[in-house]
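Q: Residue numbers (UniProt numbering), protein chains in the order written: chain P, 1 to 239; chain C, 1 to 239. Glycine is no exception: its CB is placed at the ideal position from the N, C-alpha and C atoms.
Protein chains: 2
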Amino acid sequence: MAQSGTPVWRSIRDTLASEIAQQGLRPGDRLPTEAQLSARFGVNRHTLRRAVASLVDEGLLRARRGSGVFVAMQPVEYAIGRHVSFHQNLALAGRLPGRRVNVTARRPADPVEAQALRILAGEEVWVSEGVSTADDQPIALYRTVFPAARFPGLDERLSRLSSVTAALNEAGLAEFLRAETRISAQTVTVAQALLLNAQEGQPLIVTQSVNTDMQGVPVEYGTTWFLSERVTLITRSEI
Amino acid sequence: MAQSGTPVWRSIRDTLASEIAQQGLRPGDRLPTEAQLSARFGVNRHTLRRAVASLVDEGLLRARRGSGVFVAMQPVEYAIGRHVSFHQNLALAGRLPGRRVNVTARRPADPVEAQALRILAGEEVWVSEGVSTADDQPIALYRTVFPAARFPGLDERLSRLSSVTAALNEAGLAEFLRAETRISAQTVTVAQALLLNAQEGQPLIVTQSVNTDMQGVPVEYGTTWFLSERVTLITRSEI
DNA sequence: TTAGATTTGTTCGTATGTATC
DNA sequence: TGATACATACGAACAAATCTA
Numbered sequence: 001m002a003q004s005g006t007p008v009w010r011s012i013r014d015t016l017a018s019e020i021a022q023q024g025l026r027p028g029d030r031l032p033t034e035a036q037l038s039a040r041f042g043v044n045r046h047t048l049r050r051a052v053a054s055l056v057d058e059g060l061l062r063a064r065r066g067s068g069v070f071v072a073m074q075p076v077e078y079a080i081g082r083h084v085s086f087h088q089n090l091a092l093a094g095r096l097p098g099r100r101v102n103v104t105a106r107r108p109a110d111p112v113e114a115q116a117l118r119i120l121a122g123e124e125v126w127v128s129e130g131v132s133t134a135d136d137q138p139i140a141l142y143r144t145v146f147p148a149a150r151f152p153g154l155d156e157r158l159s160r161l162s163s164v165t166a167a168l169n170e171a172g173l174a175e176f177l178r179a180e181t182r183i184s185a186q187t188v189t190v191a192q193a194l195l196l197n198a199q200e201g202q203p204l205i206v207t208q209s210v211n212t213d214m215q216g217v218p219v220e221y222g223t224t225w226f227l228s229e230r231v232t233l234i235t236r237s238e239i
Numbered sequence: 001m002a003q004s005g006t007p008v009w010r011s012i013r014d015t016l017a018s019e020i021a022q023q024g025l026r027p028g029d030r031l032p033t034e035a036q037l038s039a040r041f042g043v044n045r046h047t048l049r050r051a052v053a054s055l056v057d058e059g060l061l062r063a064r065r066g067s068g069v070f071v072a073m074q075p076v077e078y079a080i081g082r083h084v085s086f087h088q089n090l091a092l093a094g095r096l097p098g099r100r101v102n103v104t105a106r107r108p109a110d111p112v113e114a115q116a117l118r119i120l121a122g123e124e125v126w127v128s129e130g131v132s133t134a135d136d137q138p139i140a141l142y143r144t145v146f147p148a149a150r151f152p153g154l155d156e157r158l159s160r161l162s163s164v165t166a167a168l169n170e171a172g173l174a175e176f177l178r179a180e181t182r183i184s185a186q187t188v189t190v191a192q193a194l195l196l197n198a199q200e201g202q203p204l205i206v207t208q209s210v211n212t213d214m215q216g217v218p219v220e221y222g223t224t225w226f227l228s229e230r231v232t233l234i235t236r237s238e239i
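(1) Within this structure, are the beta carbons of residue 118 of chain P and residue 218 of chain P separated by less than 7 angstroms?
(2) Residue 190 of chain P: beta carbon under 6 angstroms from a heavy atom of the ligand NAD?
(3) Considering residue 188 of chain P, what are the terminal residues of the beta strand (DSSP E) in which it resides?
(4) How about residue 144 of chain P and residue 128 of chain P: are their beta carbons less than 7 angstroms apart?
(5) Using DSSP's beta-bridge definition, name the partner residues of residue 203 of chain P.
(6) Using Cβ-Cβ distances below 9 angstroms, what residues of the segment 173 to 206 of chain P are close to chain C?
(7) Which two residues bound the contiguous beta strand (DSSP E) that contains residue 139 of chain C?
(8) Could you check if residue 19 of chain P is buried or exposed, using at least 16 other CB atoms within 10 Å of its CB as the buried criterion?
(9) Taking C-beta pairs closer than 8 angstroms, name the residues in chain P that residue 233 of chain C reaches, listed in chain order.
(10) For the candidate residues C/35, C/227, C/54, whose alpha-carbon lies nearest to that of residue 45 of chain C?
(11) So, is the C-beta of residue 230 of chain P closer than 7 angstroms to a C-beta in chain C?
(12) Residue 255 of chain P: buried (16+ other C-beta within 10 angstroms of its C-beta) or exposed?
(13) Can you tell me whether DSSP reads residue 176 of chain C as helix, strand or coil?
(14) Which residues in chain P sit within 8 angstroms of residue 111 of chain C, going by Cβ to Cβ distance?
(15) Once you ignore the five residues that flank residue 113 of chain P on each side, which residues in its own chain have a CB closer than 7 angstroms to its CB?
(16) Please list the terminal residues of the continuous alpha helix (DSSP H) segment that includes residue 92 of chain C.
(17) If I follow the unbroken beta strand (DSSP E) through residue 226 of chain C, where does it start and stop?
(18) Quick one: is residue 236 of chain C near chain P, going by C-beta distance under 7 angstroms?
(19) For residue 72 of chain C and residue 54 of chain C, what's the separation of their Cα atoms in angstroms?
(20) Straight-line CA distance for residue 1 of chain C to residue 41 of chain C?
(21) From residue 192 of chain P to residue 97 of chain C, what distance separates their C-alpha atoms?
(22) Determine the direct distance from the alpha carbon of residue 101 of chain P to that of residue 172 of chain P, and round the result to whole angstroms.
(23) Just the chain P side, please: which residues come within less than 9 angstroms of residue 119 of chain C by C-beta, in chain order?
(24) Does the distance from the C-beta atom of residue 195 of chain P to that of residue 131 of chain P stay below 7 angstroms?
(25) On the criterion of 16 or more Cβ atoms from any shown chain inside 10 Å, does residue 89 of chain P qualify as buried, or is it exposed?
(26) To which residues of the same chain is residue 158 of chain P closer than 8 angstroms at the C-beta, ignoring the five residues directly before and after it?
(27) To the nearest angstrom, how far is the alpha carbon of residue 48 of chain C from that of residue 8 of chain C?
(28) Quick one: give me the first and last residue of the alpha helix (DSSP H) that residue 32 of chain P is part of.
(29) If I measure Cβ to Cβ from residue 106 of chain P and keep anything under 8 angstroms in the same chain, skipping five residues before and after, which residues do I get?
(30) Since residue 99 of chain C and residue 133 of chain C should fall inside the 8 angstroms C-beta cutoff, what is the C-beta to C-beta distance between them, to a whole number of angstroms?
(31) Spatial neighbours of residue 87 of chain C within its chain, please: CB distance less than 8 angstroms, with the 5 preceding and 5 following residues excluded, ordered by chain position.
(32) Can you give me the C-alpha to C-alpha distance between residue 228 of chain P and residue 202 of chain P, rounded to a whole angstrom?
Structure, rendered in structure tokens:
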């Protein structure tokens, strides 16, 4: 029995953690199997699993049944703040931003959208839906709506240009601000799992945000479903 | 047949919505079964389900297979910003804040905590764990750690006083700032479900944050698991 | 496409030390 | 002191997902 105070599983945990921290194992690498590791540390498989479980909880490791235990990919750090652009944000994080547009349409605003954009329910909006990627890996689904009356021809700009910011700029809006972001969580549906190339039931971070022009008039209302596994949202105090 | 423009399901929807709005049904209440409701309105169960589905989509109702349809709790709007106090935050949202402390302990910091607090791994920290409530309903689990060397006797203050802010104030820290908040999502484990009185597999919003003193030195590192069903996080631009 | 081997996940059971009442 | 609960650790067996020949 462990005569010292710290349990065996805890010291194994710290050993594994420091080996990873010292870059002996890099993100995406597979750890030796539980059988091998428990043999190496001279403990029962349960004891080793206890150590691995705590690192999985911390997000340092990721276990896949039938496959192995892997060093977790470092999630994209996505800043939500006053002045945000998806492309800029990912470029700052050292990732290659991209998107795939699935839907571009013009239709009447539903009540929620109308309230957010401060237009009348039934007034028309441009809708753009698609998948956002980082380094060609899907990280989020988005749906964003714009008041159609204010931005004639925005659909063409949205499909031609690579970013929403660029499309709005060309439509005569040089700058805009994020007014408010509401954050909740859901689990992925079957349809979302397919689009994101993810597993059903995984947690999503859902943000709903309104962007306004410099006069405070809403110009965009967007919902984004971030795959939590691949993204961490960050708010920093702007001191 | 409804000769007028509005579909039958839509008027049923509006009827149900207004009954809820007029407090005939309160958050948490169970609606009559679909069979009972479709009998009451004299429509097929499919028609009634269309009405209920639209209210579920809006978030006003919540359907649980095998259990019933319930009036959704109004989620607490929880602002994350530069200057945050749980009690203050909930009071602003018109809710009664509370907490139940489950654990108060002193132990060596693990590597993650040490890095966040900018102390050495193994230096001792105070740990406080518990459940946060709004109007006596659990809305979040929290774990928060403080450098023990800087705050002798903090454990006693944490258990005696009703809020972390009050405990830190009494320990000589008049004011502190939130430096950064990282946001991710998980699904609730069995243990968490018990503490939160929630269903397994529900999504959680996880925030990890560091509070610093006015000189920028970390004084608290906290993780909070918000039950997404009961809380919406909000960041507002501080213009 | 199939079958089998590999690997993690889960659930039994047993035993021991430690803290609490 | 005894009784009880809890955390730790080992063992065995099987389920479920994944990979490969």
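A: Reading it off the structure:
(1) yes
(2) This structure lacks the ligand NAD; in fact it carries no ligand of any kind.
(3) No beta strand (DSSP E) contains residue 188 of chain P, which DSSP labels as neither H nor E.
(4) yes
(5) P/187
(6) 177, 178, 179, 180, 181, 182, 183, 184, 185, 186, 187, 201, 202, 203, 204, 205, 206
(7) 137 to 147
(8) exposed
(9) 182, 183, 184
(10) C/35
(11) no
(12) No information on residue 255 of chain P is available, as it lies outside the stretch 1 to 239 that chain P covers here.
(13) coil
(14) 14, 17, 18, 21
(15) 125, 145, 221
(16) 86 to 92
(17) 218 to 227
(18) yes
(19) 13 angstroms
(20) Any reading at residue 1 of chain C must be qualified, since the residue scores a pLDDT of 43, below 50, and its modelled position is unreliable; the value itself is stated next. Distance between the alpha carbons of residue 1 of chain C and residue 41 of chain C is about 14 angstroms.
(21) 36 angstroms
(22) 22 angstroms
(23) In chain order: nothing, as chain P lies at least about 16 angstroms away.
(24) yes
(25) buried
(26) 101, 104, 126, 128, 164, 167
(27) 9 angstroms
(28) Element bounds for residue 32 of chain P: n/a, residue is neither H nor E.
(29) 124, 125, 126, 127, 148, 155
(30) 6 angstroms
(31) 97, 162, 163, 165
(32) 8 angstroms
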